[in-house]
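From first to last, the protein sequence lines stand for chains A, B, C, D, E and F. Under the numbering used here, the first sequence has 52 at position 55, and the numbering climbs by one with no breaks. Under the numbering used here, the second sequence has 161 at position 164, and the numbering climbs by one with no breaks. Under the numbering used here, the third sequence has 281 at position 284, and the numbering climbs by one with no breaks. Under the numbering used here, the fourth sequence has 48 at position 51, and the numbering climbs by one with no breaks. Under the numbering used here, the fifth sequence has 111 at position 114, and the numbering climbs by one with no breaks. Under the numbering used here, the sixth sequence has 111 at position 114, and the numbering climbs by one with no breaks. Even for Gly, the Cβ is constructed at its ideal location relative to N, Cα and C. Okay, structure first, notes after.
Protein chains: 6
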Amino acid sequence: MYYTDKKLQWPVRVEKPNPLFARMLQQAIGGVEGEIRVCMQYFFQAWGARGPAKYRDMLLNTATEEIAHIEFLSVAVAMNLEGAPVSLQEEISADPIAGAVLNGMDMRHILSTGLSAYPGNANGVPFNMSHIYASGNIAADMYCNVAAEATGRTLATRLYHATDDPGMKEMLAFNIARDTMHQEQWLAVLEELGPSHLPVPNSFPQAQENQDFNYSFLITTTDGKPGDQANQPWTSGSAPDGKGEFNVKIAEPLGYVPDLGFGRPDTFGQKEQSNGTAAGLVNHVKDTAQKIKDKL
Amino acid sequence: MYYTDKKLQWPVRVEKPNPLFARMLQQAIGGVEGEIRVCMQYFFQAWGARGPAKYRDMLLNTATEEIAHIEFLSVAVAMNLEGAPVSLQEEISADPIAGAVLNGMDMRHILSTGLSAYPGNANGVPFNMSHIYASGNIAADMYCNVAAEATGRTLATRLYHATDDPGMKEMLAFNIARDTMHQEQWLAVLEELGPSHLPVPNSFPQAQENQDFNYSFLITTTDGKPGDQANQPWTSGSAPDGKGEFNVKIAEPLGYVPDLGFGRPDTFGQKEQSNGTAAGLVNHVKDTAQKIKDKL
Amino acid sequence: MYYTDKKLQWPVRVEKPNPLFARMLQQAIGGVEGEIRVCMQYFFQAWGARGPAKYRDMLLNTATEEIAHIEFLSVAVAMNLEGAPVSLQEEISADPIAGAVLNGMDMRHILSTGLSAYPGNANGVPFNMSHIYASGNIAADMYCNVAAEATGRTLATRLYHATDDPGMKEMLAFNIARDTMHQEQWLAVLEELGPSHLPVPNSFPQAQENQDFNYSFLITTTDGKPGDQANQPWTSGSAPDGKGEFNVKIAEPLGYVPDLGFGRPDTFGQKEQSNGTAAGLVNHVKDTAQKIKDKL
Amino acid sequence: MYYTDKKLQWPVRVEKPNPLFARMLQQAIGGVEGEIRVCMQYFFQAWGARGPAKYRDMLLNTATEEIAHIEFLSVAVAMNLEGAPVSLQEEISADPIAGAVLNGMDMRHILSTGLSAYPGNANGVPFNMSHIYASGNIAADMYCNVAAEATGRTLATRLYHATDDPGMKEMLAFNIARDTMHQEQWLAVLEELGPSHLPVPNSFPQAQENQDFNYSFLITTTDGKPGDQANQPWTSGSAPDGKGEFNVKIAEPLGYVPDLGFGRPDTFGQKEQSNGTAAGLVNHVKDTAQKIKDKL
Amino acid sequence: MYYTDKKLQWPVRVEKPNPLFARMLQQAIGGVEGEIRVCMQYFFQAWGARGPAKYRDMLLNTATEEIAHIEFLSVAVAMNLEGAPVSLQEEISADPIAGAVLNGMDMRHILSTGLSAYPGNANGVPFNMSHIYASGNIAADMYCNVAAEATGRTLATRLYHATDDPGMKEMLAFNIARDTMHQEQWLAVLEELGPSHLPVPNSFPQAQENQDFNYSFLITTTDGKPGDQANQPWTSGSAPDGKGEFNVKIAEPLGYVPDLGFGRPDTFGQKEQSNGTAAGLVNHVKDTAQKIKDKL
Amino acid sequence: MYYTDKKLQWPVRVEKPNPLFARMLQQAIGGVEGEIRVCMQYFFQAWGARGPAKYRDMLLNTATEEIAHIEFLSVAVAMNLEGAPVSLQEEISADPIAGAVLNGMDMRHILSTGLSAYPGNANGVPFNMSHIYASGNIAADMYCNVAAEATGRTLATRLYHATDDPGMKEMLAFNIARDTMHQEQWLAVLEELGPSHLPVPNSFPQAQENQDFNYSFLITTTDGKPGDQANQPWTSGSAPDGKGEFNVKIAEPLGYVPDLGFGRPDTFGQKEQSNGTAAGLVNHVKDTAQKIKDKL
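Put into structure tokens, the structure is as follows:
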């Protein structure tokens, strides 16, 4: 279970409140690269974890930390909204700069929250929990986590660059540092699992997979030539799992032209799509109706 | 631009059509671990690619292949729906096995498509394009791709295990092989980029990130002790990027108890939340109304 | 504005309540082919209508009728849920037929509504208002409406076929009749607009569109031959708008291999994607930081 | 069933069309605090109502009224879009004020609707029917309704404050009045139900709920002290239902450290997560494959 | 910031694992009446809180508790999935009971999570953060919270009734108790705020709202008679806020038949909807094109 | 299966990059009127096609073309983002025009993609695959396709009008031409199917539909008079299907006032909604609990 300390993990400081930066920060809260995503992802991975307990514990520690990140970012949004215009009244809108600021604000900061954060992204799209990956496979989950932290750190650097408020830069320098650590720690798990963790899942016997296509880069260009794709690290040499040699194949259909035939009358395509005659269709439905009446 | 050969990439064969397996296969089409996701993800990464052209070309080849995967899986769904019950009429429902099959079907296979596939998952949730990650950062994108293929291969092995139809097992053995290759090829790019690709993005000067927390595993347990987290590969030794040494810190708040103060009258919280007096609030709104009337 | 008569438009009758048919009926309420969609679509088209008033009035009449459809379908769902099992307790689940019924039910009928309807489809996916098409173009809107009623009538016939309850068949025979009328009435508007309504929008001067590709069927097959597509009604002869002659062209790229070049340092791709040197990147960010400090 | 009067419930008047206010008004149409939500919520509560008929009738009256609200708000949006810029051509964009207006508009008002309303919120997110609460429990539903009208009236006051157009202020004064009434009427039902409606649902025998935690405020702060939470109306004295006395407890785990053990081989986690040996896994899958072949 | 104790808040115990009950429990995790919703709702209300600090602290304590609820419910889902069938192979599907169970399972428990919980509801629909209400108005928020806990407790009682596993009944008795407390505590805040908290927001001067309609129940039935709605607690007597007297009015349009006129040529409705002539339209677009050419 | 030519279908040219036009173009990529929608819609119709093979082939050709459209539009978005502001630093924001541009940008172009396209609309809402219509009925599908291309061409004309960049106008003139062709080709299929394709589906025997309401326009206005709806092409004369004569009826309820009675105790509405006594409810739950204990 969980506990709270009312103090923030980071001392948020905003010198020049900027409602547009508040909108940008929403991406770090409720965007797919944001903190709600990693928080919930690590929690669900932990709560469903099977296998060595140390991975569950690792995930729990970091998931718990992420709540604190959502918290201080939410406070940062509210502080950037201090003094924001909330009205289209003429004095404000007609001023070129104030008007542009107002027009570019997240309208829900005015209308729905009264100048606080909410769990949506920089365009106001609410976060959707389909982005929580917890596959029951520790290696797959670790790659999902590295992906989340790599896009997350990229986002944080863009936010760092987008502001010239020293308090915000300090805060984001902390976020970027934590994203560095989180990238590294998930990679450290993959290193610990060793090269034999590949291909994921390593519990499926590779002998059962199709042996003709498991290390072949398929060329789908119309000229039927590998071009600059020949002799790349993904088309020749040993694969990263050390279990196969890359090669190149020109893609070609192994299959046939599919033909699903005509449709069944009782799926109600057009008559022309069905191999039943029109009369047959009438009878089919009439029979059904009759059967019902007979029973009454 | 793009071309089609009417033949399928894989010769789909179904010996014992099973409408429940049709429902399961939907996850491989329209699930977050499925083929629409990787197809569109690789395309958008290619179409927005900046930097060395060979990466764009690599992505284009594989994205184009993935369309063929969606195609043959869709045909497999339709073939598994051959002969499926489409009615709750008594003869069918009262039969324990047929009834159970009908009840477990994806109802939209009956009601919306007339026994064909559609771009939703095994629970009927339509695929949502927020799952397409294309960050403009090649390393972040590669980790997103490995994550997609690792969860995708895990899904494919579960589907392989779930069926005893030899045709479906053959097809999935091909899918699993391709997922092996795709995992390996994205990892090969990361190997080519070398260890200096970390932390992602490597274009942000690490000197600007907070130096106290970029290699520290934070313990957030209430007992304030690292427990089994001490001396793990993510708490000691060199980090995977070779640029820092892992250490452990007990998490503690660096910040203060946040206080956003009282709300502004014009955000219409309750009076009790505002530092204006009730009378002041009335005046505030009255003034606004008066100003408007004066202008008329 | 709007009024209600507490009586239903249709006298719903259910002889053999069937919770699985209740689940199927949800598609007609909250599916994309369902009644909420047409109701809201016709209302928004009416409320934003510009041009001859008779179209707005037509839309209002039918939109208002559709509320009555949602209403009686909702009652039908509730009546089909009479006597439904709401518990997994052993007596029920262990009975093959009752168990299968329970397992196939929409769980939200038990858990969320207490045996009544809700605005979701047969798989429980809530209806999403992005499906409301109201384009501001009367011809485009009419085609959207025909599409909605054509898929809607197809759905209704599938539901009619799926049940053997006489009361449900009667009700659906009414729905199917109304869908016939609604298809016809939107088509009648298109007939009234005459062939000059094409191509939609007819207010854009066709002389401004690219004249080489506006009546050409493009062949994208790899063999570069039209095959069975030659001499089809869409590849030869006069087009339905009477303004062009169909022809066939083999698709070929008119464009170049795109090259977006290297990325800007301030978008934080990997260093390898940027044309700045690593040192330059450091300086770029340092400069920015310095400028901020100078101002403080 | 339902009827329409072509006249609006409120005579909408716009003196100074403002496309940004049109965007703001969308929140009142398609936002979670908006009119589509209450309209559909009251309808679904009515259509599934069980128990005394007067509640169903009450709900029907107000649901029907709400359609009229969506209608006149939609007209108000269209009227605020009169004269709006629809082009980025230089003359417009380069003008600071016109440019800012254009940039702040809802682009779908230009691109998708041709200057009319649609069922999305102020950020363009389409309304989603998962927000329709109809629980089958009249008291729960009434609280949902008060919640909807309380957030709805708050939204309306913010919109009132945001505009200085007299016509819009008049219209919103009507909306605010109706929201007052609607709040009051749902509260009146709760008053009529009396204090014994608590806790909701009152049909579950409270003796069956855990008696140690049903009136205890749990403190989850790390210092393990109630602090300012002691002696609050929610930590001491009689609870609003008159059936219990509030008290305070320091939260502590009653449970154990969960251990889901190792995973089953047939769920395809990594080998390291499974208690089967690698050889066992191979055999497990091979056996399955063999069984299939034996049957063919 | 936040801390974790690895032990669960409640000692989850499952005697007879039941994968269908696992599916039902998902509603309590990721349904709109579930724990993720209340957890995130209370957190965002706390993080954006303005006004007296004790409300923020109250919200923080309960939000933190709710994480523990999601946690133990997730463990309960995993425990109910012990021994679940994960394959459609003949032995299983052909058994009436086992087959029915398999067919009724949440397929994502098999395919996506490997027998663990995820943040979706009982039909597999992922939770969407648009359900987090945090309005910036403490009274509106409290009603949202009571609504969430009232529907939440109703859900919990239905789950309690649906199972006959003693361990699950014990756990749910705890959940029901906590939902009792949480209902009561939010109501206690409303009591503390006193009757003057109505209508919400109480900071808007009621004199500005339309005085003719703020305490009137509008009858929208076609017979124009109040019927059983006369003399109800919401149509006569003092309103709950003590500031108005209820009355009944027959709804009638105060407005006009709206006429948005003809459309502008540059919004590209059909020609018939525009007041420009066809020739005018051609010229309009030609002029635009010419202007561009002139500049080149 | 599918192939790619690295060259674009259209030679995209941007003279004056405009980040706001980049945002507008997103609607043509990921809007409901956009290219992803038609691409995926035609593919799923083709992959599930039953009946004459020429329709499947037609759909495949055009679906494949649409990938090329998404591709060149994505390149156009990236080219319009060249030189876009990515920072709120003072120099930029304080400039009226640059500031307004920045404020009006799609923030995800800065934060999530690093100046490239993504599969969302002009407001940043990700495309949702529920918009893919593939009904299994060729006529219904053709109407869905005409609807998609009619709204799509309307969108393209609005985009054409919105820009004064010659390169963008050329590109859109190509898109508009292709939308003309695509409208025409789907209409040509409907012409080929002949008038007997109506009403859709034509495979349902019309004798089974309710004969009193299948060609009647229902008047739902309160005055009970057809007004301007009498003698319209949809209220008199032969219907477009040539199978019925239009007539007008005044809508009236054929049904009764619905009464779902009292609720079952085990659905946990309020006691007042249930016909069980309070004591009975207690016993009901107690009995259930006792049964469980007896078994243990």
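Sub-8 Å separation of residue i and residue j beta-carbons
i         : j          : result
Asn77(F)  : Pro14(F)   : yes
Ala136(A) : Ala147(B)  : yes
Glu181(C) : Pro8(F)    : no
Asp2(A)   : Met(-2)(E) : yes
His194(E) : Thr59(E)   : no
Met306(F) : Arg20(A)   : No statement about residue 306(F) is possible, as the shown extent of chain F runs from -2 to 293 and does not include it.
Asn125(A) : Ser127(B)  : yes
beta-carbon residue i near the ligand MG non-hydrogen atom, thresh 7 Å
i         : result
Asn211(A) : With respect to the ligand MG, the structure shown offers nothing to examine, as it has no ligands at all.
Status (buried if at least 16 other CB within 10 Å, exposed otherwise) for residue i
i         : result
Gln287(A) : exposed
Pro192(F) : exposed
Gln208(E) : exposed
Gly266(D) : buried
Val143(A) : buried
Gly80(D)  : exposed
Gly101(D) : buried
N-terminal and C-terminal residue of the alpha helix (DSSP H) that residue i is part of
i         : result
Val35(D)  : 32 to 44
Ser71(D)  : 50 to 77
Tyr140(E) : 135 to 159
Asn244(C) : Careful: Asn244(C) lies outside any alpha helix (DSSP H), inside the beta strand (DSSP E) at 244 to 247.
Ile173(D) : 163 to 190
Ala25(D)  : 16 to 27
His106(F) : 104 to 108
Contacts that residue i makes with chain G (C-beta to C-beta distance below 9 Å)
i         : result
Phe124(B) : Structure shown: chain G not included; protein chains present are A, B, C, D, E and F.
Boundaries of the beta strand (DSSP E) in which residue i is found, first to last residue
i         : result
Thr1(D)   : -1 to 1
Leu215(B) : 213 to 216
For the stretch 100 to 119 of chain F, which residues have a beta carbon sitting closer than 9 Å to at least one beta carbon of chain A? Per Cβ criterion, the list reads Asn100, Gly101, Met102, Asp103, Met104, Arg105, Ile107, Leu108, Ser109, Gly111, Gly117.
Taking 8 Å as the cut-off, does the stretch 20 to 29 of chain A touch the stretch 137 to 154 of chain A (at least 3 CB pairs, one atom from each stretch)? In this structure the stretch 137 to 154 of chain A lies against the stretch 20 to 29 of chain A, because at least three pairs of beta carbons, one per stretch, are closer than 8 Å.
Pair every Cβ in the stretch 243 to 263 of chain A with every Cβ in the stretch 212 to 226 of chain A, then say whether three or more of these pairs are closer than 8 Å. In short, these stretches touch, since the Cβ pair count reaches three.
Touch test, the stretch 254 to 265 of chain F against the stretch 32 to 41 of chain D, Cβ-Cβ under 8 Å, three pairs minimum: The count of Cβ pairs closer than 8 Å, one atom from the stretch 254 to 265 of chain F and one from the stretch 32 to 41 of chain D, stays below three, leaving the stretches out of contact.
Short-range partners of chain E found in the stretch 143 to 156 of chain F, where Cβ spacing is below 8 Å: Listed in sequence order: Thr151, Thr154, Arg155.
Segment contact flag, the stretch 41 to 54 of chain B with the stretch 98 to 117 of chain B, C-beta cutoff 8 Å, min 3 pairs: These segments do not touch.
What residues from the stretch 184 to 204 of chain E come within 9 Å of chain B, judged by C-beta to C-beta, listed N to C? So the list reads Leu190, Ser193, His194, Val197, Pro198, Asn199, Ser200, Phe201, Pro202, Ala204, given in the order they occur along the chain.
Taking any Cβ of chain F, which residues in the stretch 238 to 254 of chain C have a Cβ under 7 Å from it, in chain order? The stretch 238 to 254 of chain C vs chain F, Cβ under 7 Å: Asp238, Ala248, Pro250, Leu251, Gly252, Tyr253, Val254.
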